[in-house]
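Quick note: the sequence shown, position 82, residue 90 per this note's numbering, numbers continuous. To keep things clear, I will list the structure first and then write my remarks on it.
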Amino acid sequence: MEKKIVRDVLFLSQVSKAASQEDLYLVRDLQDTLLANRETCVGLAANMIGVQKRVIIFNLGLVPIVMFNPILLSSEDPYETEEGCLSLTGVRSTTRYETITVSYRDSKWQEQTITLTGFPAQICQHELDHLEGRII
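In structure tokens, the structure reads:
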């Protein structure tokens with residue numbers, strides 16, 4: 009079900025709690041909300057729809073990928089960029105990494121590891137920041 013985007017900076021600045029299998033319902037809510045905002049949004053964290061759990065979704069090509077309890081394992085080749093956010097107004101400068109490796113659980117609760125480069129890596133890092141309460 010599509011959810012309203014949270015814009016409360018105090019809420020968004022809280023660190024998200026670990027997700028469990030009871031949070032699998034978030035897959036549908038995140039997918040629906042991402043789809044509804046597809047003109048201006050390429051990724052979401054669960055806190056952006058009002059749930060303080062460690063779950064993100066972002067577009068990997070034409071397919072959205074959902075990550076439960078993602079952990080950044082490595083990052084290489086830093087660069088400076090500017091990003092916008094559906095929860096915030098304006099654009100902000102930040103440092104991102106060209107290549108990252110992330111471990112996570114998928115929507116079947118299976119452990120996965122993925123290496124991302126370029127724009128998908130940037131999106132993933134932005135959503136990971138949301139889980140840590142970092143406002144970008």
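For glycine and all other residues, C-beta sits at the position ideal for the given N, C-alpha and C.
Exercise. Within the chosen definition, does the segment 88-108 reach the segment 48-56 through at least 3 CB pairs nearer than 8 Å?
Worked result: Between the segment 88-108 and the segment 48-56, the count of C-beta pairs closer than 8 Å reaches three or more; the two stretches touch.
Exercise. Would Thr107 be called buried (16 or more neighbouring beta carbons within 10 Å of its own) or exposed?
Worked result: Exposed.
For this session: Can you have a look at Asp85 and say buried or exposed, based on whether 16 or more other CB atoms are within 10 angstroms of its CB?
Result: Its Cβ having fewer than 16 others within 10 Å, Asp85 is exposed.
For this session: Write down every uninterrupted run of the alpha helix (DSSP H) in the segment 19-106 whose length is 4 residues or greater and which is fully enclosed by it, in chain order.
Result: Fully enclosed alpha helix (DSSP H) runs of 4 or longer: 34-44.
Exercise. Out of curiosity, what's the CA-to-CA distance linking Ile79 and Val110?
Worked result: When rounded, the distance between both Cα atoms is 5 Å.
Problem set entry | Leu42 vs Pro72 beta-carbon contact at 9 Å | In this structure, Pro72 lies closer than 9 Å to Leu42 by Cβ.
For this session: Would you list the one or two residues that DSSP bridges to Val17?
Result: None, per the DSSP bridge assignment.
Problem set entry | Nearest-angstrom Cα separation, counted from Gly141 out to Gln22 | Computed Cα separation, rounded: 5 Å.
Exercise. Between Leu68 and the rest of its own chain, which residues show a CB-CB distance below 8 Å, the 5 nearest in sequence each way excluded?
Worked result: Residues of the same chain with a CB within less than 8 Å of the CB of Leu68, apart from the 5 flanking positions on each side, are Leu124 and Pro128 in chain order.
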